[in-house]
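Quick note, the working numbering runs 9 ahead of the 1-based positions in the sequence shown.
All C-beta atoms in this analysis are idealised placements derived from N, C-alpha and C, irrespective of residue type, glycine included.
A quick write-up on the structure given underneath.
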Amino acid sequence: MKLLFLACFVAAVAALPDNVSPNRLLFDLTNFVDHFPLKTDYVPCTDENFQYCQHQFNEALGYYGTWLDVALFTRAINLYYKQDVRGVIQLCNARTQLKHCFGTEYASCTSRNQFVRKGASIANAYQVSGIFNSLDFQCTGAAIQVTENWPCIYTVWHSDSYENARNACLSTFHSQPFNDQNAVCTAGETLAACLALQFSVYRPPCNNRDLIWFECERTVNFFQFDGNCPNIKCQLPKPSYAEHSGKGELYAAGRAMIHSKRSHRAKN
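Here it is in structure tokens:
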């Protein structure tokens, strides 16, 4: 019976369209990751701990594959990005438990280098590590923006105007000459501003500064894996929610985490 359930789950998830979630990978960096050096100085990830914590995380989400099956894992994660914010909260709870499970090994066990060591291609390792980078941002530094504004985030991401603008932003991004890492980072900063603009021009209340900041920062975050692109950032005003809600301290801590070099993922 369990094998039958597993087969049905795999078939159902595999049948989902790639754009089932607005959180689908905004852009494919797999053609450019060769410009980013692979860090090799990470603290080792204990195999037993990795297997155990991976199982606990997967069980919490009802996923029965492995993290290295990138397409299946991504689609399983995307099932939780629903119109109701409770799906995102459940996903963040699972991420919190995973971090507690890994303890001091969380950064190294979810790093690109770790997935390469376990047999993934550099491109696939980037994508898997990117999933956890994205969760780290959405569930910590941007937790306020996500939980308080999820209906707007979901609405904008699913709008025709966002989809059309996204395609235009990506077209400009891919037209750049990616000669080295700095060129990719600079293009990434421009892409982040382009996507954030789509929230700025959307109708109220979804055009607030919190969400403009969120969209820009989450895009920048995709480029800052393994300590890369540490100097790119969003040139946007501070979110009004952080200014007036009394939660500015949490917001400041989130920005410090986002803009710090990603080497911290290997150390704590």
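Alpha carbon of residue i to alpha carbon of residue j, nearest angstrom
i, j, result
"T83", "A134", "12 Å"
"A4", "T164", "Only positions 10 to 277 of the chain appear in the structure, and residue 4 is not among them; the question remains open."
"C243", "N217", "15 Å"
"F111", "T55", "9 Å"
"E157", "R126", "39 Å"
"A201", "Y89", "24 Å"
"L81", "S130", "16 Å"
"Q106", "Q99", "11 Å"
"P160", "K91", "10 Å"
"A151", "E57", "32 Å"
"N173", "S180", "11 Å"
"N142", "D93", "22 Å"
"Y171", "P213", "15 Å"
Three-state class that DSSP yields for residue i in the structure shown
i, result
"F182", "helix"
"L220", "helix"
"Y211", "coil"
"G197", "helix"
"G128", "coil"
"Q233", "coil"
"F45", "coil"
"F111", "helix"
"S117", "helix"
"D189", "coil"
"T228", "helix"
"Q123", "helix"
"C203", "helix"
Proximal residues to residue i (C-beta, below 8 Å), its chain only, five neighbours per side dropped
i, result
"C194", "F232, N237, C238, N240, I241"
"F124", "W76, L77, N133, A134, V137, S138"
"S168", "Y211"
"V229", "G197, E198, A201, C238, I241, K242, C243, I267"
Spatial neighbours of residue i in its chain, beta-carbon cut-off 6 Å, leaving aside the 5 residues before and after
i, result
"Q154", "D219, F223"
"C203", "C178"
"K108", "Y115"
"C148", "C101, R104"
"G96", "Y89"
"A196", "F182, Q185"
"C118", "C54, F59, F111"
"L70", "A103"
"N144", "Just to set this straight, residue 144 is Leu in the shown sequence, not Asn. Taken in chain order, the residues that qualify are R104."
Cβ-based neighbour list, residue i, same chain, cut-off 7 Å, excluding 5 preceding and 5 following
i, result
"A192", "Q185, P186"
"I221", "A205, F208, S209, L245"
"C215", "C161, T164, V165, F208"
"G255", "Below a pLDDT of 50, predicted positions are generally treated as unreliable, and G255, at 36, falls in that range; no measurement from the model is reported."
At 4 residues or longer, and completely inside the region 135 to 173: list those alpha helix (DSSP H) runs for me, N to C.
-> 152 to 166
Taking contact to mean at least 3 C-beta pairs separated by less than 8 Å, is the region 135 to 151 in contact with the region 63 to 75?
-> no
Within the region 60 to 109, note down every full alpha helix (DSSP H) run reaching 4 residues or more, in order along the chain.
-> 79 to 87
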